[in-house]
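Chemist: Residue numbers (the numbering used here): 9 to 267.
(1) Suppose you measure from the CA of residue 148 to the CA of residue 78; what does that come to, to the nearest Å?
(2) Could you name each continuous beta strand (DSSP E) segment of 3 residues or more that falls completely within the stretch 198 to 253, going from the start of the chain to the end?
(3) Between residue 249 and the rest of its own chain, which residues show a CB-CB distance below 7 Å, the 5 nearest in sequence each way excluded?
(4) Should the stretch 79 to 89 be called in touch with the stretch 184 to 195, which here means at least 3 C-beta pairs below 8 Å?
(5) Given that a residue counts as buried once 16 or more other Cβ atoms are within 10 Å of its Cβ, and exposed if not, what is residue 176?
(6) Buried or exposed: residue 118, going by 16 or more other Cβ atoms within 10 Å of its Cβ?
(7) For residue 137, count neighbouring Cβ atoms within 10 angstroms of its own Cβ and tell me buried if that reaches 16, exposed if not.
(8) Between residue 75 and the rest of its own chain, which residues show a CB-CB distance below 7 Å, the 5 nearest in sequence each way excluded?
(9) I'd like the span of the beta strand (DSSP E) that includes residue 50, first residue to last.
(10) Comparing C-alpha positions only, which one of 129, 91, 162 sits nearest to residue 209?
(11) Beta carbon of residue 108, beta carbon of residue 152: below 8 Å?
(12) Specify the secondary structure class of residue 83 as computed by DSSP and reduced to three states.
(13) Would you kindly work out how many angstroms separate the C-alpha atoms of residue 245 and residue 63, rounded to a whole number?
(14) So, are the CB atoms of residue 157 and residue 145 less than 8 Å apart?
(15) Using DSSP's beta-bridge definition, name the partner residues of residue 110.
(16) Should the stretch 212 to 227 be regarded as contacting the stretch 193 to 203, the criterion being three or more beta carbon pairs within less than 8 Å?
(17) Is there at least one Cβ from chain B nearer than 8 Å to residue 233's Cβ?
(18) Quick one: Cα of residue 57 to Cα of residue 223, how far?
(19) Let me confirm a value: residue 14 is counted as buried when at least 16 other C-beta atoms fall within 10 Å, else exposed. Which label applies?
(20) Using the beta-carbon count (16 or more within 10 Å), is residue 25 buried or exposed?
(21) Would you call residue 172 buried or exposed, if buried means 16 or more other Cβ atoms sit within 10 Å of its Cβ?
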């Protein structure tokens, strides 16, 4: 996919990177990425994907902008209060990079609609804030055979991993699923919501930017993805650690007894 002259100038710092260059930038332009959530994680993620030149960004969110969002959801502003987040985010992308197409999906993703929606994109980045959505998205990505970059926020901590469970690893064994890492969601009420527990605003920016890095590396095809590795970030001690995890033969998606 050819780049227009103004795109060559816009992406000049990418084009001089040997790991990206013209071919990588063309892959970014041709890519269709679905972002789940335009909140704390989705806001910086969408901004950096747009700045990087992802050609089409789908945004799934059924919420509207509220004042308490603005401490961390930096793609929205005070004039956007009350607006659907998908509209506010689309306007922000248009201001940032007119070469990017935004497809708004102003509804909640569920097990019933996830596979059909995800099948229209090349890669999914999940920044949702609830376990039901995370499991629905990760299962649908497996069935639609799409890579998934998924992250979560705590009060002062965050996690990030990439799931490519529809593929096999270097040794021929299946790649792990999200359910290999987290077999079951925690009991209802055991993990307090953001509104109850709080969250450090800048941490959402860090984790959303790391999500964008993982997406861009996957699309442009350089580096080593976080497949089978969970990146854990502790903002209080500024510590980054990586936990390795593997395929669980008892998982229901690609386990030994799965059909």
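Cβ coordinates follow ideal geometry from the N, Cα and C atoms, glycine included.
Modeler: Quick answer:
(1) Taking the straight line joining both Cα atoms gives about 31 Å.
(2) List check, beta strand (DSSP E) in window: 237 to 242, 247 to 252.
(3) Excluding positions up to five away in sequence, the list reads 240.
(4) These segments do not touch.
(5) Residue 176 comes out exposed.
(6) It counts as exposed.
(7) It counts as buried.
(8) Sequence-distant Cβ neighbours of residue 75 in its own chain, meaning closer than 7 Å and more than five residues away, are 89.
(9) Not the beta strand (DSSP E): residue 50 falls in the alpha helix (DSSP H), residues 50 to 60.
(10) For residue 209, the closest of 129, 91, 162 by C-alpha to C-alpha distance is 162.
(11) Taking 8 Å as the Cβ cut-off, residue 108 and residue 152 do not qualify as a contacting pair.
(12) Of the three classes helix, strand and coil, the one that applies to residue 83 here is coil, per DSSP.
(13) CA-CA distance, residue 245 to residue 63, rounds to 37 Å.
(14) No.
(15) BP columns for residue 110 point to 65.
(16) Put simply, the stretch 212 to 227 does not touch the stretch 193 to 203. Fewer than three CB pairs are less than 8 Å apart.
(17) This model lacks chain B altogether; it includes just one protein chain.
(18) Going by the C-alpha atoms only, they are around 8 Å apart.
(19) Classification for residue 14: exposed.
(20) Counting every other CB atom within 10 Å of its CB across the protein chains shown gives residue 25 a total below 16, marking it as exposed.
(21) Around the C-beta of residue 172, 16 or more other C-beta atoms lie within 10 Å, and the residue is accordingly described as buried.
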